[in-house]
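All remarks here apply to the structure that follows.
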Amino acid sequence: MYSSFFSYNVSRPYPFRWFTPVVVVGGIFVTIAISVISVSTSGYQLVSVSSSDANATEAGKTLFSRSLGPLIGSMRPACASATIPLNTVMYTNNTAFRYSLTDVSMVDEYGSLKHQGSLVYHNNPLKNCTISGIQIEFEGMQRPAANIAQQMQGVSTLTSIGCNVETSQGTMTINLTAAYNYLPDDQALYNGKFSFLGRSASTQGSLYWGESLLLMYWLNLTNAFYLENKTPGFQFYKGSVSLSRDVSLPSDAADVESLDFFTNLGCYFLPFSGTSLEPLVEYCASSKLSDLVHASGDDDHPLPSIWTSVDTLSKALYYTILTDLGQEDALYINLLTDATLLTYFTSNFTAINESVSADKHPWGENLGTDPALATAPFTDTIAAAFDLRVNPSVLTADYLCQIPQLKPTGSLIISVLIADLVLLQTIWHVFQLVINYILGMRHPKMRFCEGCERSGSLLSDMEEETLKMGAYGAVSD
């Protein structure tokens, strides 16, 4: 008979009663387990997406990532850091103010200050934010005609802020500016009037009341400035006020209410000039608001009726920005999270609302309080409706991320089927080797086929009979 180079194995059934059910049941469980592993390791593909929250994207889980995390490895979501150039305008995740990035710096290993052209950012929380100064500008006829038609006097503010950000390069110090003007010159940018994008009385109660304070005292300040200029004497058409605080924030409510909250103040106002060739400038002779409020309105202490509104508007800016930036410290009290302070600073909302109504002035048919904001004081009876707290804050940026996504159904089935066949075959061969080894050790005859075993037994019997017969013949002789 011809013998081919290739051969086949002669098999015989295993002599174990438990073998068949164990293989069937075990095979089902092993197949399911292998399929799960195959889907988790080779059933996903990485796709690129844009995300505004890198932390949430990277924390995303696939179906089996919790139990099979070590096997998935590189198939986990990952986001690249965003590069934010200087002068970029952005919001925080609380979506209140628009911030402009003005400077990025860090201290190197030699102790030298190094300025950066951009901020490499990865959703890092803002820490240790401080307000370095608030600038208030009074504007009159230089404003756009549409603004003058709604409000004769305009006020714009610019607040300077410094924060720390922990990055992969180390601790970065960033400088930001935040502008506020209820009637901005570029009205199209703000859809007419300034408003917080994320305004919500129920979920962001502190920022809701902060914006309400800003609007009320902006209206009160612009009207107070206009009415002061209607009195005989010099009429001012431009002015500038700068305020800052060089000590830590107070922990006592009385210090927040005090007119001496700001420790540094400077101001000057420009009166109308008949020729405009030699404009006069009026300076404030005191750096304390408490002095200016109670002054007589002479050249060194101008416009006494505006300073209470200047004080409250500036405090509202101070604490609303800190709240928007997620700054909370047990060492100081926050006007927007303390019900007592909020009640104090909103106590005259009703009077302001009446004084700025359109029928009080020959202009402003299109301007007044915003019905979506608070126009009545904060009281204990309505406190339960507002969640007065500070939420953590990060700068908004677009991140390029890669996230695992299930392959199309056809590709998924083929890849899982191939992986299952390969792994099942490997496991079966290993299982056979182990069982065959144990079988051979305990039952050596099971190494042969049934026919060979019977033939071998018959031959052994014949040889034994032959030997017996030979021995019997020898004895007979």
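UniProt numbering puts the sequence shown at residues 1 to 477. Just so you know, even glycine gets a beta-carbon here, dropped at the ideal spot from N, CA and C.
Handout entry: P15 burial status per 10 Å Cβ neighbour count (16 or more: buried)
Key = Walking along the sequence shown from the start, residue 15 turns up at place 15. P15 is exposed by the Cβ-count criterion.
Exercise for the section: Assuming L221 and S309 form a contact by the criterion Cβ under 8 Å, report the distance between their Cβ atoms to the nearest whole angstrom. Expected result: Numbered from 1 along the sequence shown, position 221 holds the residue referred to as residue 221. Numbered from 1 along the sequence shown, position 309 holds the residue referred to as residue 309. Sure, about 4 Å apart at Cβ, within 8 Å.
Exercise for the section: Using three-state DSSP, classify Q405 as helix, strand or coil. Expected result: Counting from 1 along the sequence shown, the entry for residue 405 is found at position 405. Here Q405 sits in strand by DSSP.
Exercise for the section: Take T95 as the anchor and find which of G26, T340, Q169, S52 has the nearest alpha-carbon. Expected result: Locating residue 95 in the sequence shown gives position 95, where the first residue counts as 1. Cα-wise, what sits closest to T95 is S52.
Exercise for the section: Identify the continuous beta strand (DSSP E) that holds F160 and give its terminal residues. Expected result: Here residue 160 corresponds to residue number 160 of the sequence shown, with the count starting at 1. Residue identity differs from the one stated: residue 160 is Ser in this sequence, not Phe. Element bounds for S160: 154 to 167.
Problem - Residue from Y217, E139, L219 whose Cα sits closest to the Cα of F236 - result: Position 236 of the sequence shown, counted from the start, is the residue given in the question as residue 236. If we check each option's Cα against that of F236, E139 comes out closest.
Exercise for the section: Give the straight-line distance between the Cα atoms of M106 and E137, rounded to the nearest whole angstrom. Expected result: Stepping through the sequence shown from its first residue, residue 106 is reached at position 106. Stepping through the sequence shown from its first residue, residue 137 is reached at position 137. Each residue's Cα considered, the two are about 32 Å apart.
Handout entry: Length at least 4, wholly inside the region 239 to 298: the alpha helix (DSSP H) runs in chain order
Key = 253 to 257, 289 to 293
Handout entry: Three-state class that DSSP yields for A201 in the structure shown
Key = Position 201 of the sequence shown, counted from the start, is the residue given in the question as residue 201. Three-state result, A201: coil.
Exercise for the section: Take the Cβ of Y180 as the centre, count every other Cβ of all protein chains shown within 10 Å, and call the residue buried at 16 or more, exposed below. Expected result: If you number the sequence shown from 1, residue 180 lands on position 180. Buried is the call here.
Problem - Enclosing alpha helix (DSSP H) for N353 [first to last residue] - result: If you number the sequence shown from 1, residue 353 lands on position 353. 349 to 355 is the extent of the alpha helix (DSSP H) around N353.
Handout entry: Residue from A385, L341, A224, N264 whose Cα sits closest to the Cα of Q135
Key = Reading the sequence shown from its first residue, position 135 is the one you call residue 135. The residue with the shortest Cα to Cα distance from Q135 is N264.
Exercise for the section: Would you list the residues sitting across from K127 in a DSSP beta bridge? Expected result: Taking the first residue of the sequence shown as 1, we reach residue 127 at position 127. K127 is bridged to N164.
Exercise for the section: Identify whether Q150 lies in helix, strand or coil by the three-state DSSP scheme. Expected result: The residue you call residue 150 lines up with position 150 of the sequence shown. Q150 falls in the helix class under three-state DSSP.
Practice task
Please confirm whether L101 and N87 have their CB atoms less than 9 Å apart.
Solution key: Here residue 101 refers to the residue found at position 101 of the sequence shown. Here residue 87 refers to the residue found at position 87 of the sequence shown. Yes, Cβ-Cβ distance for L101 and N87 is below 9 Å.
Practice task
Could you check what DSSP says for S52 in three-state terms: helix, strand or coil?
Solution key: Residue mapping note: residue 52 aligns to position 52 of the sequence shown, counting from 1. S52: coil per DSSP, three-state reduction.
Handout entry: DSSP state of V390 mapped onto helix, strand, coil
Key = Locating residue 390 in the sequence shown gives position 390, counting from the first residue. DSSP places V390 in coil when its eight states are reduced to three.
Practice task
To the nearest angstrom, report how far apart L336 and D103 are at their CA atoms.
Solution key: Counted from its first residue, the sequence shown places residue 336 at position 336. Counted from its first residue, the sequence shown places residue 103 at position 103. Their Cα atoms are separated by approximately 28 Å.
Practice task
Determine, using beta-carbon pairs with one atom in the region 374 to 391 and one in the region 105 to 120, whether at least three such pairs fall under 8 Å.
Solution key: no
Exercise for the section: Return yes when the Cβ of L259 is within less than 9 Å of the Cβ of G239, no when it is not. Expected result: Counting from one through the sequence shown, the residue named residue 239 turns up at place 239. Counting from one through the sequence shown, the residue named residue 259 turns up at place 259. Not in contact: G239 and L259 (Cβ atoms no closer than 9 Å).
Practice task
Can you check DSSP and say which residues form a bridge with I136?
Solution key: As a first step, residue 136 is located in the sequence shown; it is residue number 136 there, counting from the start. BP columns for I136 point to T157, V241.
Handout entry: Which of helix, strand or coil DSSP assigns to S411
Key = Taking the first residue of the sequence shown as 1, we reach residue 411 at position 411. S411 falls in the helix class under three-state DSSP.
Practice task
Could you tell me whether the Cβ atoms of I403 and T57 are closer together than 9 Å?
Solution key: By 1-based counting over the sequence shown, the position of residue 403 is 403. By 1-based counting over the sequence shown, the position of residue 57 is 57. Contact flag set, yes.
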